[in-house]
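Listed in order, the protein sequences are those of chains P and A. Counted from 1, the first sequence has number 4 at position 4 by UniProt numbering; the numbering is strictly sequential. Counted from 1, the second sequence has number 256 at position 256 by UniProt numbering; the numbering is strictly sequential. We put the beta carbon where it would ideally sit given N, CA and C, even for glycine. Note that the structure is predicted; figures quoted are calculated from it, not measured. Here the structure is laid out as structure tokens; the discussion comes afterwards.
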Amino acid sequence: MTPTVVLPLVIGGLYAAGVYLLLDRSLTRVVLGFLLMGNATNLLVLSAAGPAGGPPIIGVTEPEDMSDPLPQALVLTAIVITFGIASFLLAIIHRSWRLVRQEVVGVDEEDRRVARREGVHADELDPDDLAPEDRPAAHADSLHRTARAGDSTAEEALARRYAGIPSDDIDLPPTRGASR
Amino acid sequence: MLALLLLHLVAGVLAPVLVRWWGRQAFLALALVPAAGFAWTTSRLGTVVGGGEVRQSVAWVPELDLTVTLRLDALALAFAALVTGVGALVLVYCARYFEPGDEGTGRFAGTLTAFAGSMLGLVLADDLLLLYVFWELTTVFSFLLIGGSGARLAARRAASQALVLTTAGGLAMLVGLIMIGEASGSYLLSEVVADPGSGPLLTAGTVLVLAGAVTKSAMVPFHFWLPAAMEAPTPVSAYLHAAAMVKAGVYLVARLAPGFADVPGWRPLVLGLGVATMLVGGYRALRQTDLKLLLAFGTVSQLGFLMTLVGAGSRELAAAGLAMTLAHALFKSTLFLSVGVIDHATGTRDLRELSGLGRRLPVLAAAACLAAASMAGLPPLLGFVGKEAAFTALWDGGLPDRTTALAVLAGLVLGSALTAAYTLRLVWGAFARKPALPPTAPAELAHPPTPLFLAAPVVLGLTGLVLGPASPLLEPLVAGYADTMPLLAGEAEKLALWHGWQPALALSLLTLLGGAALFAVRYRVYQLQRGWAVGASADEGYWNTLQAVDRLAVLVTGTTQRGSLPAYLGTILVVVLALPGSVLVFRAPWPGEWRAWDTPVQALVGAVVLIAAALALRIHQRLSAVLVVGVTGYGLAVLFALQGAPDLALTQFLVETLTLVVFVLVLRKLPKDITERHRPRERAVRGVIAVAVGLLMAGVGAVALSARTATPVSVDHPEQAYDFGGGENVVNVTLVDIRAWDTLGEVALLVVAATGIASLVFLRRRTGVIARLAQEQRAARGSRRAPRRRWLAGSEALPPERRSVVLEVLTRILFHSIVVFSLFLLFSGHNQPGGGFAGGLVAGLALVLRYLAGGRYELGEAAPVDPGLLLGAGLLVAGTSGVGGLLFGAEVLQTAILETTLPVLGDVKLVTSLFFDMGVYLIVVGLVLDVLRSLGAELDRQEDEDDTLDVAPEEVILR
Numbered sequence: 001m002t003p004t005v006v007l008p009l010v011i012g013g014l015y016a017a018g019v020y021l022l023l024d025r026s027l028t029r030v031v032l033g034f035l036l037m038g039n040a041t042n043l044l045v046l047s048a049a050g051p052a053g054g055p056p057i058i059g060v061t062e063p064e065d066m067s068d069p070l071p072q073a074l075v076l077t078a079i080v081i082t083f084g085i086a087s088f089l090l091a092i093i094h095r096s097w098r099l100v101r102q103e104v105v106g107v108d109e110e111d112r113r114v115a116r117r118e119g120v121h122a123d124e125l126d127p128d129d130l131a132p133e134d135r136p137a138a139h140a141d142s143l144h145r146t147a148r149a150g151d152s153t154a155e156e157a158l159a160r161r162y163a164g165i166p167s168d169d170i171d172l173p174p175t176r177g178a179s180r
Numbered sequence: 001m002l003a004l005l006l007l008h009l010v011a012g013v014l015a016p017v018l019v020r021w022w023g024r025q026a027f028l029a030l031a032l033v034p035a036a037g038f039a040w041t042t043s044r045l046g047t048v049v050g051g052g053e054v055r056q057s058v059a060w061v062p063e064l065d066l067t068v069t070l071r072l073d074a075l076a077l078a079f080a081a082l083v084t085g086v087g088a089l090v091l092v093y094c095a096r097y098f099e100p101g102d103e104g105t106g107r108f109a110g111t112l113t114a115f116a117g118s119m120l121g122l123v124l125a126d127d128l129l130l131l132y133v134f135w136e137l138t139t140v141f142s143f144l145l146i147g148g149s150g151a152r153l154a155a156r157r158a159a160s161q162a163l164v165l166t167t168a169g170g171l172a173m174l175v176g177l178i179m180i181g182e183a184s185g186s187y188l189l190s191e192v193v194a195d196p197g198s199g200p201l202l203t204a205g206t207v208l209v210l211a212g213a214v215t216k217s218a219m220v221p222f223h224f225w226l227p228a229a230m231e232a233p234t235p236v237s238a239y240l241h242a243a244a245m246v247k248a249g250v251y252l253v254a255r256l257a258p259g260f261a262d263v264p265g266w267r268p269l270v271l272g273l274g275v276a277t278m279l280v281g282g283y284r285a286l287r288q289t290d291l292k293l294l295l296a297f298g299t300v301s302q303l304g305f306l307m308t309l310v311g312a313g314s315r316e317l318a319a320a321g322l323a324m325t326l327a328h329a330l331f332k333s334t335l336f337l338s339v340g341v342i343d344h345a346t347g348t349r350d351l352r353e354l355s356g357l358g359r360r361l362p363v364l365a366a367a368a369c370l371a372a373a374s375m376a377g378l379p380p381l382l383g384f385v386g387k388e389a390a391f392t393a394l395w396d397g398g399l400p401d402r403t404t405a406l407a408v409l410a411g412l413v414l415g416s417a418l419t420a421a422y423t424l425r426l427v428w429g430a431f432a433r434k435p436a437l438p439p440t441a442p443a444e445l446a447h448p449p450t451p452l453f454l455a456a457p458v459v460l461g462l463t464g465l466v467l468g469p470a471s472p473l474l475e476p477l478v479a480g481y482a483d484t485m486p487l488l489a490g491e492a493e494k495l496a497l498w499h500g501w502q503p504a505l506a507l508s509l510l511t512l513l514g515g516a517a518l519f520a521v522r523y524r525v526y527q528l529q530r531g532w533a534v535g536a537s538a539d540e541g542y543w544n545t546l547q548a549v550d551r552l553a554v555l556v557t558g559t560t561q562r563g564s565l566p567a568y569l570g571t572i573l574v575v576v577l578a579l580p581g582s583v584l585v586f587r588a589p590w591p592g593e594w595r596a597w598d599t600p601v602q603a604l605v606g607a608v609v610l611i612a613a614a615l616a617l618r619i620h621q622r623l624s625a626v627l628v629v630g631v632t633g634y635g636l637a638v639l640f641a642l643q644g645a646p647d648l649a650l651t652q653f654l655v656e657t658l659t660l661v662v663f664v665l666v667l668r669k670l671p672k673d674i675t676e677r678h679r680p681r682e683r684a685v686r687g688v689i690a691v692a693v694g695l696l697m698a699g700v701g702a703v704a705l706s707a708r709t710a711t712p713v714s715v716d717h718p719e720q721a722y723d724f725g726g727g728e729n730v731v732n733v734t735l736v737d738i739r740a741w742d743t744l745g746e747v748a749l750l751v752v753a754a755t756g757i758a759s760l761v762f763l764r765r766r767t768g769v770i771a772r773l774a775q776e777q778r779a780a781r782g783s784r785r786a787p788r789r790r791w792l793a794g795s796e797a798l799p800p801e802r803r804s805v806v807l808e809v810l811t812r813i814l815f816h817s818i819v820v821f822s823l824f825l826l827f828s829g830h831n832q833p834g835g836g837f838a839g840g841l842v843a844g845l846a847l848v849l850r851y852l853a854g855g856r857y858e859l860g861e862a863a864p865v866d867p868g869l870l871l872g873a874g875l876l877v878a879g880t881s882g883v884g885g886l887l888f889g890a891e892v893l894q895t896a897i898l899e900t901t902l903p904v905l906g907d908v909k910l911v912t913s914l915f916f917d918m919g920v921y922l923i924v925v926g927l928v929l930d931v932l933r934s935l936g937a938e939l940d941r942q943e944d945e946d947d948t949l950d951v952a953p954e955e956v957i958l959r
């Protein structure tokens, strides 16, 4: 099929304008860019379907003269969905305006904080820094409790002597005793 | 077998309900489920011992050749009996372990029952992938059981640690299973083991599968998750982390050993890790002061022992391994349950706080001592039989290589000595009277155990005692499995308590004496252990790895995510230019010839569209920019019509109008002009990218226009549309019949978008209160009839300066006609341009008209329904009509054509897809109404009532 000059030109022009607006910081212009690109895409899909023809309605056009109905069905829903999404974007603009009296895509502070390596994630905590009852059982030592009478005096003494040496003895919280 | 698994599933689902009805007694009912499994399993003993097997196969996903294949042979029977028997007893134990008022018992009961079912499935599965499914199910349930309510940090960490480790191993195993399946040409476990094939693929697969087994069974260096998992309640520790789940790795190794023991890498891995684990576990068990942790490290040690035995790949060691597995499950669960009783009764498990408990709980002490004797390897218990068999086997053969066999034997003897030592420490710690403590500590037993509470440990302990002398009875079952492997020793030794005076007996004596000696000098040992303690541990390594992953994630995120949306979009677009762009330039079939246009009108409209688009870049006044973008939309509608797409043109025209309305509704709150925030350099970069993308897309368009040479799939659409869809408008039939699934998804998307809009405006509710006229106003004008003296019902609520008589008159005259027209479009759309989308948009425009003319009260009077109701009803109608096709014996969403002749109307043809279109219509109307309600009426209300914060008392909204 021989392509027309007009349609690619319109498609390219709409895309260029849409992309330029999409890269703006103003949300209004972003939405406008979104609409332009949506229109351009719809036109691209439809024009790629083939040359212009008669409306695909039986009785109006002979089947061989019809334009291809399938891309039309695809584009039809795309048009309505574009409306839904554009309305959603506008609702976002409204929200942004109400919250901060701005309608710009600002710099994401969270991203910036991550980039500066700020903030502590829970898993970055060393188990040694946790409270004893929060330590994982296979970690740390059990000798953080205060002196206790019993056959274990020797162990206590050793614990004092070797304070600071990590041991893998463990102290589980009682699963039933503590609740009572 | 499948019925048993389903029974577990049903019981697991019902468990929370049962617990709500019957409290903790529900566990007794639930225990019947594994008990039934135990009864069934043992009833098949005769078949299996006789050399037979029970098989069941049900097609699961035939398209993928997935079947649920279950098989009960000697090995599976041994493990299944273990899993179900111990499971039933543990559930009985739970009935007294939990207090009547405990929270989360129902959840726990369900999870534990479901776990029992998964474990049973795991040992019965004969399909590699099915095995994997059950394998991961046990991992997930273990995670849930360890994590408990999720309220404690330590429990959460232990649960996630166990999950991360076992899942990592499980994923490696999945890859390994697939490699093995491909290498051997079958996914049936029984066939794979019979003929595993060979080659590097098989070797790699085997090593990966072993990785799964090693993590699941807590072998060094992944052993640390098991002690940490002791956060879980004691029944879980006894069942999952002693008897059942951690045995999964042992089971898998035992299952594969007959075929895979000679695969390169198998023996070094299994034997090396097994012996190392046994020693490390025993060494660390010696210094624990928490009875439960002592047992946990003891379990790690014993798992290493079992892994060594079943992985060796010889008949004599396999027999010893299976006997030892049974013995271990019996004694270890007894001990765990006993510790649970102690914990329950005294409130502590610390052996430094317990004294003289043996005299006060004699029954418990007796049961625990029996189990401990079995663990240490004292005659006449089953543990002694298993250990003897292992020592004898290694003394005479056991492994192809003598040196290795003796080295392993030395390791096992040393490990057994450690076992004996920590067993003594356990018994002494739990029950003995300690000189430095008062004769009874704690002084009072808070909760003396009831007989039912003691039942499970006593039964399990006694079983270990009975099975020792009765071990020859186990011989046929054990032999049924072990005979699948070659005998390396001179003669096969049968399981028995007494084999006469032989070297193994001396070794057993040596382990016991060594254990006693280690226990006697326990403080010395403790001192040494502390002296040798080093900073590094496998657990430390695990956390360091996790932290390193976290840091890497932060590094990657911080480097790539700089927080600027234009920068992200620019990056994406540049990639688009670089990759598809270069393909377009170098590879695309460029058209050889061109036409200027289809019609001159097309060129004219194209020029208008381009000019409007260019103006949109220059204009900084908001509304004007919106208007010129609207012009491109209307221009497009004309181009659509010229292209031969009247439906598209109609829809585009309506949508463009509605879009303008929505823009105006939102932008009326914003300043008139858009501030320019970009420096000239940024604008230049944007311009370059924009022009390049425009050129690229123009090129794509040109190539796409010329490249279409094949016959389109839609060539038969017109004929099909009429024959099957019963409509003349092919596009509409495509929407509601040929590609109705697409449309259903797309209207669902509209529902989501509408809900999103409403939630962004109303924040906490789906919609606001519908603005209606006060009751008396309505009563005054006479119930539900239209107002006679005014043009519109609700416009009087508007301030006079905002009213427009012309608009009101027009609205009054046009509204009903437009609605009728929209219905006409809906009904005629099957044969002429129109349909649900266009009809809904027109109806939406009618509502827009009412709102613009009369304000928010008028909108409330025009459509006194919740938009959510319309959206939901639409989705329901569309979905139901799809199912309706089924009623006429067709497929989902297939159209049925009903034709009949009525007296007055003549021939009536009803196609069921009309109902689908009605659903679409309702959804589109709902969308428009939602937009008007939130962005129109609600914004008016906020302005009228100066409700800028919209906050309820003591509620804070981050603004």
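Query                                                                                                                                                                    : Result
From Q502 of chain A to A312 of chain A, what does the alpha carbon distance come to, in whole angstroms?                                                                : 22 Å
How about T346 of chain A and A446 of chain A: are their beta carbons less than 8 Å apart?                                                                               : yes
E656 of chain A by DSSP, collapsed to three states: which one?                                                                                                           : helix
List, in chain order, every chain P residue whose beta-carbon is nearer than 7 Å to that of H717 of chain A.                                                             : P69, L70
For L654 of chain A, which residues of its own chain have a beta-carbon under 6 Å away from its beta-carbon, when the five flanking residues on both sides are left out? : L841
Counting only beta-carbon separations shorter than 8 Å, does W741 of chain A have a partner in chain P?                                                                  : no
Please confirm if E728 of chain A has its CB atom under 8 Å from at least one CB of chain P.                                                                             : yes
Whole angstroms is fine: what's the gap from D907 of chain A's alpha carbon to V730 of chain A's?                                                                        : 22 Å
Would you tell me roughly how many angstroms separate the C-alpha atoms of residue 968 of chain A and T559 of chain A, rounded to the nearest one?                       : Because chain A is modelled from 1 through 959, residue 968 of chain A falls outside the range shown and cannot be assessed.
Taking the straight line between their C-alpha atoms, what separation do you get for S822 of chain A and Q643 of chain A?                                                : 25 Å
Of the residues that make up the region 396-418 of chain A, which ones have a beta carbon closer than 9 Å to any beta carbon in chain P?                                 : none
Go through its chain and collect everything with a Cβ distance to T141 of chain A's Cβ below 7 Å, but skip five positions before and after it.                           : Position check: residue 141 of chain A holds Phe in this sequence, whereas Thr was assumed. Around F141 of chain A: T111, A114, F115, S118.
Could you check the C-alpha separation between P451 of chain A and V458 of chain A for me, to the nearest Å?                                                             : 10 Å
Looking at the structure shown, is I770 of chain A part of a helix, part of a strand, or coil, going by DSSP?                                                            : coil
What residue does the alpha helix (DSSP H) around R941 of chain A start on, and which one ends it?                                                                       : 939-944
Since V140 of chain A is in the alpha helix (DSSP H), which residue starts that stretch and which ends it?                                                               : 128-147
Tell me, which residues are paired with M66 of chain P by DSSP?                                                                                                          : P:G54
Can you grab the Cα-Cα spacing for the pair Q652 of chain A / A637 of chain A, in whole Å?                                                                               : 5 Å
What residues in the region 593-613 of chain A have a beta carbon less than 7 Å from any beta carbon of chain P?                                                         : E593, W594, R595, A596, W597, D598, Q602, A603, G606, V609, L610, A613
Could you tell me the boundaries of the alpha helix (DSSP H) in which R587 of chain A lies?                                                                              : 565-587
Within 8 Å (strictly less), CB to CB, does L734 of chain A reach chain P?                                                                                                : According to the sequence provided, residue 734 of chain A is Thr. The question's Leu does not apply to it. Taking Cβ atoms only, chain P reaches closer than 8 Å to T734 of chain A, which makes this a yes.
For G725 of chain A and G176 of chain A, what's the separation of their Cα atoms in angstroms?                                                                           : 50 Å
With DSSP as the reference, identify every bridge partner of I897 of chain A, one or two as the case may be.                                                             : A:V911
CA-CA distance, V809 of chain A and G855 of chain A?                                                                                                                     : 14 Å
What separation, rounded to the nearest whole angstrom, lies between the Cα atoms of R352 of chain A and G429 of chain A?                                                : 7 Å
Please name the residue or residues paired with N729 of chain A in a DSSP beta bridge.                                                                                   : P:I57
At 3 residues or longer, what runs of the beta strand (DSSP E) sit wholly inside the region 238-298 of chain A?                                                          : none
Is there a Cβ from chain P that is less than 8 Å from the Cβ of Y722 of chain A?                                                                                         : yes
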